[in-house]
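Heads up: the structure comes next, in structure tokens.
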Amino acid sequence: MDDIKTDLGISTHDICVQHGEKILASQLLLIKNKGYDFAPPFREMMIHLYLVGVMWRHGESLNLVTNPREHALASLRTMLVRAGMSDKNAQKRILFLNNMSRTENGSDTLAVTAGYQTMQDDDSLAMIFEEYRDETRVSGVLWRFYNRGKRIMFIGGGVAAFIAIWFVTIFIPSSSGIAVLAAGLFAAALVVIPTFLIGALVYRVKFKKTPASTLPRS
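In my numbering, the protein residues as written are 840 to 1057.
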């Protein structure tokens, strides 16, 4: 990372991080009461991409010897580590965000562009989320539906397998180990497969009843 000290002895990454945190804090206040309901991973990704744009533009005023965009990604990595993420996971996150920060034709995505163009107390972050407000694939409703289904499959399947193994072991003690294991797997499948099929049906009826829109990019 290109972490250079200014004349005041302050890291350029620190300067960008402080600026990014200041802008983000003001933007989060503006969207606090707008009722956005997005999947947490999507919301986090949009905010991170937005910060890349914010710190990219700010870095251009620091006379950096490296690419300001790359410096912004490195600054975001610093921010993530300070927030408690391990350096290894932060590096993986930055690689992911770098891939997600460009469209197929190589231009910057909406979130990065909005962050780059933001002004203090404008509605740039709200503008990003408004673009995705009716996008089912990133909604909080779908995220919660998915998580509930996943818990039902894992917990229900595990309980069913345990009961089946217990039943076979107690009431059919002559059963081989393979037979006991097969009974557990079969019982788990009786829970997991129907739950998955019902979930897929509900998703198709409830969440795909209107054509999915293409996620907007800029």
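Cβ coordinates follow ideal geometry from the N, Cα and C atoms, glycine included.
Values in this document were obtained by computation on a predicted structure and should not be read as measured data.
Whole-number beta carbon distance between residue j and residue i, since they are thought to touch under 8 Å
{"i": "Phe968", "j": "Tyr875", "result": "5 Å"}
{"i": "Val1019", "j": "Thr1008", "result": "6 Å"}
{"i": "Ala1062", "j": "Val977", "result": "What the structure shows of the chain is the stretch from 840 to 1057, and residue 1062 is not part of that stretch, so it cannot be assessed."}
Coarse secondary structure for residue i, derived from DSSP in three states
{"i": "Arg972", "result": "coil"}
{"i": "Asp926", "result": "helix"}
{"i": "Asp947", "result": "strand"}
{"i": "Ser963", "result": "helix"}
{"i": "Ser978", "result": "strand"}
{"i": "Ser900", "result": "helix"}
{"i": "Ser850", "result": "strand"}
Distance, residue j Cα to residue i Cα
{"i": "Gln930", "j": "Asn938", "result": "13 Å"}
{"i": "Leu1029", "j": "Ala1021", "result": "12 Å"}
{"i": "Arg1056", "j": "Thr942", "result": "Because the pLDDT of Arg1056 is 44, which lies under 50, any placement of that residue in the model is unreliable, and the number read from its coordinates should be weighed accordingly. When rounded, the distance between both Cα atoms is 7 Å."}
{"i": "Pro1050", "j": "Leu919", "result": "Confidence in Pro1050 is poor, its pLDDT being 43 and thus under 50, which makes the residue's placement unreliable; the coordinate value appears in the next sentence. Taking the straight line joining both Cα atoms gives about 36 Å."}
{"i": "Lys861", "j": "Gly945", "result": "29 Å"}
{"i": "Ala953", "j": "Tyr889", "result": "7 Å"}
{"i": "Lys873", "j": "Ala965", "result": "8 Å"}
{"i": "Gln956", "j": "His858", "result": "14 Å"}
{"i": "Ala1000", "j": "Leu1036", "result": "19 Å"}
{"i": "Met992", "j": "Asn986", "result": "10 Å"}
{"i": "Leu868", "j": "Glu970", "result": "19 Å"}
{"i": "Ala864", "j": "Gly988", "result": "34 Å"}
{"i": "Ile886", "j": "Gly995", "result": "35 Å"}
{"i": "Arg990", "j": "Met884", "result": "24 Å"}
{"i": "Met894", "j": "Asn928", "result": "21 Å"}
{"i": "Gly892", "j": "Ile849", "result": "21 Å"}
{"i": "His897", "j": "Val856", "result": "10 Å"}
{"i": "Val1031", "j": "Asp961", "result": "48 Å"}
{"i": "Asp973", "j": "Val980", "result": "11 Å"}
Cβ neighbour criterion (16 or more within 10 Å) applied to residue i
{"i": "Ala1039", "result": "exposed"}
{"i": "Gly923", "result": "exposed"}
{"i": "Gln866", "result": "buried"}
{"i": "Phe935", "result": "exposed"}
{"i": "Pro907", "result": "buried"}
{"i": "Ile854", "result": "buried"}
{"i": "Gly1023", "result": "buried"}
{"i": "Met958", "result": "exposed"}
{"i": "Ile1004", "result": "buried"}
Distance CB(residue i)-CB(residue j) smaller than 8 Å
{"i": "Ile1011", "j": "Ala1026", "result": "no"}
{"i": "His910", "j": "Thr948", "result": "no"}
{"i": "Val933", "j": "Arg916", "result": "The residue you asked about is not Val; residue 933 is Ile in the sequence shown. The answer is yes: Cβ separation under 8 Å."}
{"i": "Val951", "j": "Ser940", "result": "yes"}
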